Structures are given as structure tokens and as C-alpha cells.
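Read the structure below first, then the notes.
Residue numbers (this note's numbering): 38 to 367.
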């Protein structure tokens, strides 16, 4: 049963209820949609199915007049604020990165050189919530349940997974797609010494590689009347392409555009996030007992597509229509 809808980048809390109204929910799923504008709910409404965004709007709380007293509302400050309910002044995450006066250099908001990567040799695994000064919703649930309730955070972006999950989480997983990453879900020794067997099996399954395919519109492109022209000078042209419009052959583009980076920058990054999240629910037996568990899912590819093509693009519309179908399964 959907409990809350709060839209900064799009936040949804979904609870799997217990048999009795007096019992605690078995599983709370916090979903953040990165760079989600409110008008994406209304502009694309007629193309959404009944089990995704429409269900959230009709069965939950639809907050239409939100104001935010801090900037920037980027990934980093966003999840830290959302899952704590306070601003960077209190939670300490003032941006995706900032200049450290003691180190005399810029640092990433989840950078932690005192932990090691798990599941990769890349430095992208050396992350933790050490810079965050407060507890999260998931932390408080862990404390309330005497550390018996599980908390797991999942996102393509490390900072979205880490800050949503918090300090006491059983796990936070992010996708190793940058700097020549191999497309595996990874973590750090802040959470675990090695990846669980189910994560290793998922990484070896070839699911990530299956998304090296052609990104074409989900529906007839002429039906995307809520968006602008398909190709225009305001959109990014990927290396290897001559124009910005559909189709985008990710298999052909991967060599010149950072390998798995092209998947992360497409709606298939969201699809992969859903695949992994559904696997986590089953493998970790989330919501199976009477103690409340917390799963946080941050859909980050919406942000990447938005940066590449802009809010009036057919690529953005297609990405949200595909995400709507994914949400039906969560």
C-alpha cells in the first residue's frame, strides 16, 4: 500500500502491509526518481499504465506545492535530505563534491579512503556515508528493531545508494560503470567484506550485457506529442552518431562512449536497477518476517537522460514511459 508521494526528484514510499492494521509494515520501499519534474506526472499521464505512477498518485499522497530551502538539489544532498528529513546545513552533504580545507582538494561526497572496494578493483568502490552527520530513516528503523530489520540501498549512482541506506545499513550496492567498469554491482568494506553469493551470481548472469542493444521508442514516435522534436541542436550527440535522435545503438556506441556508461545514460540503467532490486527482495527475504525491513531504490538514469537530451525531449518521455512499466513490478 502506497503511503507517501513526495516530489523533489520524485520520492515514493511503498509499504507491504501486515495482516493487521495494528502491526508494523513488513517492508518499506523508498523510491527516488532522480531529476523528476512534477509535470512528468501530468504531461505523460495518459500514456502511463494503471500499476505505476497512476497507482502512486491515486492510492498515495500527491504533494503539489513543495518548496525547498536549499540548493543545489542534486544527487548527494538530495537523498541525504530526503531520507533524513533535514537540509545540508544539518546533514552535512552540501553538494556532490566540495573543497576540503584540510586536504586542500576537492572531495566526492561519499569518498572514503579508509574503506576498500568490494566486487571491483576500481576506486569507485571506496565509498561510505562517513561525511553524513545524521541518521537516515533506515538507520532509525535498524535502531528501533534492535538491528533486526534489514536496510538495503540500491542505485546506479554510489551516492544515491549510500546516503539513502545510511550508516547502519546491511548493504548499499551501486553499479560499476565508470572508469572502464565491468558492469558489476559493487559495494565497500564499510558494509561487507565480500559480495553475497546472490550478487556474484547476478553479476555473472549477463543481465547487464544484455542491455547493449538498440534504444528505440517504446511506442510509435509520432505518438510522443507531449515532447519536442526528436533531433535538435540542444541535445547531446553521442560519439559515433551524426544526430541526437532515435535510434541509439548502444552496442555500436559503447566503445567510443565509455562502455557501460551508455547503458547508464539510457532507460536501460533503470531497467537494470529494477532487475537487481527484485533479485535483492527475493534473495534477502525482505518483508518475510514480522520485523520491518527497508529497501531504498534510486533510479538515476532519468537524471543522465535528462542531462543529455533535456526535459522536452522524446528520450525523456520514453524513459519515463519505460520506468512506469518497471514500477509495476516493485
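Using N, Cα and C, we set each Cβ at its ideal position, and we do this for glycine too.
What you are looking at is a predicted structure, and each value in this text was computed from that prediction instead of being measured.
DSSP links residue 313 through a beta bridge to no other residue. In the structure shown, the three-state DSSP call for residue 210 is strand. Residue environment: residue 151 is assigned as exposed (fewer than 16 neighbouring CB atoms within 10 Å of its CB, all protein chains considered). With fewer than 16 other Cβ atoms from the protein chains shown falling within 10 Å of its own Cβ, residue 184 counts as exposed. The Cβ-Cβ distance between residue 249 and residue 288 falls below 8 Å. When beta bridges are read from the DSSP output, residue 148 appears opposite 164. Looking at the DSSP output, residue 223 shares a beta bridge with 211.
Between the alpha carbons of residue 131 and residue 301 lies a gap of roughly 25 Å. Residue 163 is not a Cβ neighbour of residue 112, given a cutoff of 8 Å. For the options 285, 262, 263, the alpha carbon positioned closest to that of residue 273 is the one of 285.
Secondary structure remark: continuous alpha helix (DSSP H) runs of at least 4 residues inside the region 104–129, in chain order: 114–119, 125–128. Contact between the region 138–145 and the region 96–111 is absent: fewer than three C-beta pairs spanning the two stretches fall below 8 Å.
When DSSP states are grouped into helix, strand and coil, residue 67 belongs to the strand group. Secondary structure at residue 142: strand, using DSSP grouped into helix, strand and coil.
Within the DSSP bridge table, the entry for residue 136 names 143 as partners.
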